[in-house]
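Residue numbers (full-length UniProt numbering), protein chains in the order written: chain W, 1 to 368; chain F, 1 to 273. In this text, a Cβ means the ideal position worked out from N, Cα and C, and glycines have one as well. Below: the structure, in structure tokens.
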Amino acid sequence: MAAEIQASEDERIRSETLATKLMKKPELGAIGGVILVTLFFMLTADSTMFTLSGIMNFMTPAAQLGILGIAAAMLMIGGEFDLSIGSMVAFAGMIFGALTVNLGLPLILAIPLTMAFAAAVGAVNGTIVLRTGLPSFIVTLAGLFILRGASLVGLKLFTGGSTQLRGVRDAVEGDWLARFFSGDALQGLFAWLASAGVIDTFSNGTPKVPGVPVEILWFIGFALIATYVLLRTPAGNWIFATGGDSGAAKNSGVPVRRVKISLFMLTACAAALVAVITVIDAGSTDARRGFMKEFEAIITAVIGGCLLTGGYGSAIGAFFGAIIFGMVTIGLTYTDFDQDWFQIFLGGMLLLAVVFNNVIRKRVTGER
Amino acid sequence: MADDTRFHHGSVPADARPIIHMEDITKHFGNVIALNGVTFDVTPGECHCLLGDNGAGKSTFIKTMSGVHKPNSGQIFFEGKPLSFDSPREAMEAGIATVFQDLAMIPLMSVTRNFFMGREPTKGKGLTRRFDIDRANEITMEEMRRMGINLRAPDQAVGTLSGGERQTVAIARAVYFGAKVLILDEPTSALGVRQTSNVLSTIDRVRKQGVGVVFISHNVRHAMAVGDRFTVLNRGQTLGTAVRDEITATELQDLMAGGQELAQLEGSLGGTV
Chain W
1 MAAEIQASED ERIRSETLAT KLMKKPELGA IGGVILVTLF FMLTADSTMF
51 TLSGIMNFMT PAAQLGILGI AAAMLMIGGE FDLSIGSMVA FAGMIFGALT
101 VNLGLPLILA IPLTMAFAAA VGAVNGTIVL RTGLPSFIVT LAGLFILRGA
151 SLVGLKLFTG GSTQLRGVRD AVEGDWLARF FSGDALQGLF AWLASAGVID
201 TFSNGTPKVP GVPVEILWFI GFALIATYVL LRTPAGNWIF ATGGDSGAAK
251 NSGVPVRRVK ISLFMLTACA AALVAVITVI DAGSTDARRG FMKEFEAIIT
301 AVIGGCLLTG GYGSAIGAFF GAIIFGMVTI GLTYTDFDQD WFQIFLGGML
351 LLAVVFNNVI RKRVTGER
Chain F
1 MADDTRFHHG SVPADARPII HMEDITKHFG NVIALNGVTF DVTPGECHCL
51 LGDNGAGKST FIKTMSGVHK PNSGQIFFEG KPLSFDSPRE AMEAGIATVF
101 QDLAMIPLMS VTRNFFMGRE PTKGKGLTRR FDIDRANEIT MEEMRRMGIN
151 LRAPDQAVGT LSGGERQTVA IARAVYFGAK VLILDEPTSA LGVRQTSNVL
201 STIDRVRKQG VGVVFISHNV RHAMAVGDRF TVLNRGQTLG TAVRDEITAT
251 ELQDLMAGGQ ELAQLEGSLG GTV
């Protein structure tokens, strides 16, 4: 049967060049962006920006945003938005603060409970979107205000009138789990590298950079796992299918509802993770935490190659998108430029990315 | 209605056991009666055409057959046993595959990812259980070759395929996943001449593998090209079933239009419909 019908090669299809093949990778734009931004700062910024400590400096905010951005990218590939993640950072921070400070729970309980709260809110968001059939954009916009307001009200309740809840650092002091969510990791490795003379040290022999801030490891780990899930598991295929055309996906047996609700829960949990890390780091939580992060996360995802219409994008792209973000925010302080150029740059980047992505999509689908 | 004698010979021969037999199906949506007593069956290795004009109830009927809608009354026999499907998934698992007009294809995704959408082959266990993409690519290339399409690469996006090729991917997918009954919803309606003939020959190929094909169309010519039996649906009712060579295209056309009106038009249109 197989040999019986051999369709001839279609003479009208040109073979692909390497360039077109690369063009079809969603993360290409973000990687190109990283190279451009790096070149730009190499030319304009103080040379200390690209020393080890300088890199840690811009990678820390990049990591905090990136964890949100990768989750937002996965949700966007699944065809939905979540505008409530920024407020979720504040809300989860408040929950976490109340659990550790007011209730005095150890981290082994406080962190899973915070995650559970966030996941529940994510599930509610997802359920409302699916039940009503309304755009997630508008449903989660409501969430943005509700959660921000709930954080304010809740904080006042837990602190007796203040919008800042202090004392988290004291509460988690000495907790064995704290080292996975705050401070620097791999200190042994860095001490060894310092003694071997690979990295810079202070005159007393201790390394100038004591270790890698934990959020960077979370960020890298999350990017790797997300990429693996998207590209190499059935669940990943379901996410692309759900975002590409949820009707078609449903007809093919993809559990569309479960996929979407899980993704909403994932973004909420990512926000809770960022909340836990930053709250332990700062030692306190306040209602403004995570302000505007929802937009930055979506911009990160779009720079990373996600289409606003869903069904296309990559976690690695969002990873590099977040690095661009961190480099620009922190990098400008190493230059003579006014720091407020940041927002102009951001808007420009977003516009460029959207236009670029649109061209890519036409190439991929062979539209003319 | 069908006092035409030839229109009664179409019932299944006693020896051929239908895979699916639907008896006197009715379906209402509120006060709209979409189906009002439809009887239909399909046997292995035949192409049974369901013909009807727009609004005749074709779509409602195939959705009932594929488990999307539950009939208000009537019976469904699957391989001789009474059965009712609660979801499209159940019908799919039983072996009833439907290729809808939208094809359930996602243009941005690769042919392989579309082919295995919702039914990905995996390897490994537990946490390392993963999408076996190499095997999936191999199977896709092989199945498409069997249908007469040489893909440039399995990771080619479906959006770059022509309409006929997409239709073929959808059919190949259904057959690969063990369809016993393949329902094709207007597979040729948006295609050009050559693509149509490709799809029709794909249908022929599928039929020869022993799959029962339900070919929905309002184009009598396309139906006549591959059909073994023809059932006409009009205003939610089946008018009867005819066997190939016992009925002409003109007669089918007349029945689809509900008899008289088109026959009068025929004269002025000069056989162009």
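Contact list for S252/W against chain F, beta-carbon separation under 8 Å: A104, M117, G118 and R119
N234/F: first and last residue of the uninterrupted beta strand (DSSP E) it sits in: R229 to N234
Beta-carbon proximity list for T60/W, same chain, < 6 Å, skipping 5 on both sides: P213
Uninterrupted alpha helix (DSSP H) stretches inside the region 99-171 of chain W (no shorter than 4 residues): 107-132 and 136-159
Any chain F beta carbon closer than 8 Å to A2/W: Only weak support exists for where A2/W lies, its pLDDT of 39 falling under 50; the coordinates are left without a value.
With 16 other Cβ atoms within 10 Å as the buried cut-off, status of Y228/W: exposed
Alpha-carbon to alpha-carbon, V220/F and F78/F: 28 Å
Check whether residue 291/F and M105/F have beta carbons under 8 Å apart: The structure shown does not extend to residue 291/F, since chain F is modelled only from 1 to 273, so the question has no answer here.
Classification of A194/W by the beta-carbon crowding that lies within 10 angstroms, buried from 16 upward: buried
Where R173/F falls: helix, strand or coil (DSSP): helix
Beta carbon proximity, V302/W to chain F, threshold 8 Å: no
First and last residue of the uninterrupted beta strand (DSSP E) at H21/F: I20 to F29
Under 9 Å (Cβ pairs) to chain F, residues found in the region 219-251 of chain W: Y228, L231, R232, T233, P234, A235, G236, N237, W238, F240, A241, G243, G244, D245, G247, A248, A249, K250 and N251
Q195/F, enclosing beta strand (DSSP E) - first and last residue: Run containing Q195/F: none in the beta strand (DSSP E); it sits in the alpha helix (DSSP H), V193 to K208.
Distance CB(D53/F)-CB(A257/F) smaller than 8 Å: yes
Members of the region 308-334 of chain W that neighbour chain F once the beta carbon cut-off is set at 8 Å: G311 and Y312
Beta-carbon separation (whole angstroms), G236/F vs L35/F, contact threshold 8 Å: 5 Å
Per-residue contacts from V364/W into chain F (C-beta, under 7 Å): L108, A157 and G159
DSSP-derived helix/strand/coil call for Q6/W: Low per-residue confidence applies at Q6/W: pLDDT is 41, beneath 50, and the placement is therefore not dependable enough to give any value.
Among W218/W, F81/W, W192/W and L155/W, nearest to G122/W - alpha-carbon criterion: F81/W
Proximity below 8 Å, CB of V99/F to CB of T140/F: no
Own chain, CB closer than 6 Å to M147/F, minus 5 neighbours either side, in chain order: T168, A172 and T202
Chain W within 8 Å of M141/F, Cβ atoms only: no
Cβ of P88/F within 8 Å of any chain W Cβ: yes
Host beta strand (DSSP E) of C49/F (start-end): C47 to G52
As assigned by DSSP and simplified to three states, the class of S203/W: coil
Buried or exposed (CB count within 10 angstroms, at least 16 for buried), E138/F: exposed
Segment limits, beta strand (DSSP E) that includes T264/W: For clarity, residue 264/W is Phe in the given sequence; the question names Thr instead. Element bounds for F264/W: not the beta strand (DSSP E) but the alpha helix (DSSP H), V256 to A282.
Chain-ordered chain W contacts of F100/F [CB-CB under 7 Å]: N251
Local conformation of S34/F per DSSP, three classes: The residue you asked about is not Ser; residue 34/F is Ala in the sequence shown. Strand, per DSSP.
Contact check, S84/W vs L134/W, beta carbons under 8 Å: no
Three-state secondary structure assigned by DSSP to R89/F: helix
Between the CA atoms of M65/F and A62/W - distance to the nearest angstrom: 53 Å
Under 8 Å between C-beta atoms of A272/W and A72/W: no
Where N204/W falls, given that 16 or more other Cβ within 10 Å makes a residue buried: exposed
Cβ shell of D175/W (< 7 Å), same chain only, five flanking positions each side left out: P106 and L107
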